[in-house]
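> Before anything else, here's the structure in question.
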Amino acid sequence: PCVTLLCFSADSSGKSEENQSFKNVPIKGLEPQRPFPKKFYPRFTRGPVHIPELQQKENKIGNSFGNHIQDPVKGEIEFSPEMGMIFNEEDQEVRDLGYQKHAFNMLISNRLGYHREVPDTRDAKCREKSYPADLPSASVVICFYNEALSALLRTVHSVLDRTPAHLLHEIILVDDNSELADLKKDLSEYVKTQLPKTTKLVRNEKREGLIRGRMVGASHATGKVLVFLDSHCEVNEMWLQPLLTPIREDRRTVVCPVIDIISADTLTYSSSPVVRGGFNWGLHFKWDLVPLAELQGPEGATAPIKSPTMAGGLFAMDREYFNELGQYDSGMDIWGGENLEISFRIWMCGGRLLIIPCSRVGHIFRKRRPYGSPGGQDTMAHNSLRLAHVWMDEYKEQYFALRPELRMRSYGNITDRVELRKRLNCKSFKWYLDNIYPEMQISGPNAKAPQPVFINRAQKRPKIIQRGRLYHLQTNKCLVAQGHPSQKGGLVVLRECDYNDQNQVWIYNEDHELILNNLLCLDVLETRSSDPPRLMKCHGSGGSQQWTFGKNNRLYQVSVGQCLKVVDPLSHKGYVTVAICDGSLPQQWHFES
Ligand code: UD2
Ligand code: MN
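Under the UniProt record's numbering, the residue at position 276 of the sequence shown is numbered 423, and the numbers go up by one with no gaps.
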């Protein structure tokens, strides 16, 4: 049977006519249907997402999960590659502008609308857990700057749709002085007319950055627990109860959900492995595998995990405890560093920080930040300096060893924060390293650190589906590298086919990558959908390197939403580009084994 996309809600911000034409795109039988690759940042792989209990429900089968559809036989959520199909110039503009302003595919985000189902990525044992009835209620604080309306409202609706009303005290949206006029107008209208009274919108008179922005949000909150979210998230089934439970037991516990991955190019929701937060001496956050000992308790994979640091965006904390512990450092600007600062502060001043595997929230991970700071400063360095001087004692030298140019840089007044540390009677940074993050390597002559025992998760190579030539039907030519196939950034062009030439051999694998001579992947630039494809290092996270073969012999580029086309089939130059899929001869390709 032919399954069509059924994922447009009435309030989708796309135009209804376009939706109509898009709705009729058949999916099954048109493209090779394979599980969407799970190779994302953090860089570990996992098998396909299985949702056995959904398989039982007849009415769910063939229904859409955003841009996933469920395979009725295997019960897997599969990826529908044509969600980003460009039909006209307007689509193209939405896509390209979206990448410029938000660094993700806004065309797909708009088409998904404000509600969608996401795959339940929790460990099966999480579904057997029960939680106390008398949990504290939460104020959800979402601070945003120039967010895409559809992404922001999907964040809000996912919370409204998947949180029991008695646990949701309010949602506080903090507009950090966004400049996008449409966003301002449409959002305040929407909040007024479409959302419950408990969703409030506050607006900063000037750009404060996410750190002071969250403090503003928290100051308006009246719920027992604060829950912070980024403005491009989708919460999963039963996300809040597992976060509130440990806080109810001990108010000095701060908790983070597992952050699932929403692809910036395809908006596909996929499962993250359970990892914990760490950092390096450059004061950058990083993910670490969980030491074996942490996973060997009776609760196994569902037990909360102690985490030395948090990623920053998604966490829950008792509101009064947030205030007692000194909120955030209000001298920190725009973006960066606040996550390590609050993590060190929690541990050193008598609290604890846990990751809760049974709570899952998806987040759009972008390849770049689409905004700067108002004065163009490097706020990460400024903020890191402040945290190093307040919290890291003699270990700040580790940072300066890597960033000597910052040693003399001014970082503003930190008196209040130093006093806070004294007042709260916080432990030393050495205590933190010894007890909370003993795996941290200390560089220098006397460096000696215990080797952590980590679970070894081998990276899986995507399976090869086909190996052969990319043959252009109209010209009888083959797609090859313009220069050497190992040259990064090189263009591809049509040349006479030579069946003995390895440099003409492509691999097509289960991740939908096209790899020339087993070296580089066929890739497109994210920002402009009209640029020709190039050969780039395979990044394994789909999107710009995903291609599917479909109707009318077309070769479709997933994140650009267009088809590979020969520019001028009669010329000898053999240039190719991507263009709106029209089924014409210049767009017809064969993969020849
Ligand atoms: C990560 C965190 C983010 C924050 C940051 C370090 C996650 C998933 N995300 O970066 O929450 O801790 O590390 O600072 O852990 N925003 C404003 N005003 C600004 C700039 C940003 O309100 O001036 C908003 C923005 O719209 C977004 C949030 O702050 O909702 C986080 O910004 P981001 O998504 O660009 O940060 P991200 O996820 O790269
Ligand atoms: Mn974010």
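Note that the Cβ used here is the ideal one computed from N, Cα and C, for glycine as well.
From the DSSP output, in three-state form, read off Ala-368 for me.
coil
> Since Met-527 is in the alpha helix (DSSP H), which residue starts that stretch and which ends it?
526–538
> Does Lys-684 come out as helix, strand or coil in the three-state DSSP assignment?
When secondary structure is reduced to three states using DSSP, Lys-684 falls in the coil class, being assigned neither helix nor strand.
> Ends of the alpha helix (DSSP H) at Ala-280?
Counting along the chain, Ala-280 falls outside any alpha helix (DSSP H), and DSSP gives it neither H nor E.
> Return yes when the Cβ of Ala-295 is within less than 8 angstroms of the Cβ of Gly-231, no when it is not.
no
> Could you tell me whether the Cβ atoms of Leu-282 and Arg-395 are closer together than 8 angstroms?
yes
> Just how far apart, CA to CA, sit Ala-463 and Val-401?
Their backbone Cα atoms lie some 6 angstroms apart in a straight line.
> Does any heavy atom of ligand 1 sit closer than 7 angstroms to the C-beta of Gly-460?
yes
> Where Gly-460 and Gly-424 are concerned, what is the direct C-alpha to C-alpha distance, given to the nearest angstrom?
12 angstroms
> Within the same chain, show all residues whose beta-carbon is closer than 7 angstroms to that of Val-537, passing over the 5 residues directly before and after it, in chain order.
Ile-561, Arg-564, Val-565, Arg-568
> Under a three-way DSSP split, which group does Leu-702 fall into?
strand
> So, with DSSP's three-state summary, where would you put Cys-273?
Helix, per DSSP.
> Confirm the yes/no value for this check: CB of Asp-377, any heavy atom of ligand 2, distance under 7 angstroms.
yes
> Using three-state DSSP, classify Asn-427 as helix, strand or coil.
coil
> With H, G and I counted as helix, E and B as strand and the rest as coil, what does DSSP make of Trp-578?
helix
> Following the continuous alpha helix (DSSP H) through Phe-491, name the residue where it begins and the one where it ends.
485–495
> Run through DSSP, which three-state label would Glu-317 get?
strand
> Here's the rule I'm using: 16 or more other beta-carbon atoms within 10 Å means buried, otherwise exposed. How should Ile-255 be labelled?
With 16 or more neighbouring CB atoms inside 10 Å of its own CB, Ile-255 falls in the buried class.
> Using the DSSP secondary-structure output, state which residues sit across from Leu-436 in a beta bridge.
Bridge partners of Leu-436: none, in fact.
> Which of helix, strand or coil does DSSP assign to Tyr-542?
The DSSP-derived three-state label of Tyr-542 is helix.
> Just to confirm, are Lys-433 and Met-495 a CB contact at a threshold of 8 angstroms?
no
> Would you kindly check if the distance between the Cβ of Met-587 and the Cβ of Arg-533 is under 8 angstroms?
no
> Going along the chain, which residues of its own chain have a beta-carbon closer than 6 angstroms to the beta-carbon of Leu-580, five neighbours each way excluded?
Met-587
> So what does DSSP say about Glu-236, is it helix, strand or coil?
helix
> The beta strand (DSSP E) with Thr-724 in it runs from where to where?
723–726
> Report all residues from its chain with a CB closer than 6 angstroms to the CB of Lys-272; omit the five preceding and five following residues, and keep chain order.
Thr-449
> Considering only the alpha carbon of each residue, which of Met-253, Ser-676, Gly-690 lies closest to Asp-658?
Gly-690
> From Gln-709 to Pro-716, what does the alpha carbon distance come to, in whole angstroms?
18 angstroms
> Any contact of the stretch 686–700 with the stretch 661–674, i.e. 3+ C-beta pairs under 8 angstroms?
Touching, per the Cβ criterion.
> Helix, strand or coil: which one does DSSP assign to residue 805?
This structure leaves residue 805 out entirely; the chain is present only between 148 and 740.
> Does the beta-carbon of Ile-515, which I'm using as the reference point, lie nearer than 7 angstroms to any heavy atom of ligand 1?
Correcting the residue identity first, residue 515 is Arg in this sequence and not Ile. No - ligand 1 has no heavy atom lying nearer than 7 angstroms to the Cβ of Arg-515.
> Out of Asn-293, Lys-371, Asn-235, Arg-608, which one is the CA nearest neighbour of Ala-250?
Asn-293
> With respect to the alpha helix (DSSP H) encompassing Ala-295, which residues constitute its N-terminal and C-terminal limits?
Per DSSP, Ala-295 belongs to no alpha helix (DSSP H) and is neither H nor E.
> Between residue 132 and Tyr-618, is the Cβ-Cβ spacing less than 8 angstroms?
With the chain represented from 148 up to 740, any question about residue 132 goes unanswered, as that position is not in the structure.
> In whole angstroms, what is the alpha-carbon distance linking Ser-557 and Arg-492?
22 angstroms
> With DSSP as the reference, identify every bridge partner of Pro-404, one or two as the case may be.
According to DSSP, Pro-404 shares a beta bridge with Ile-503.
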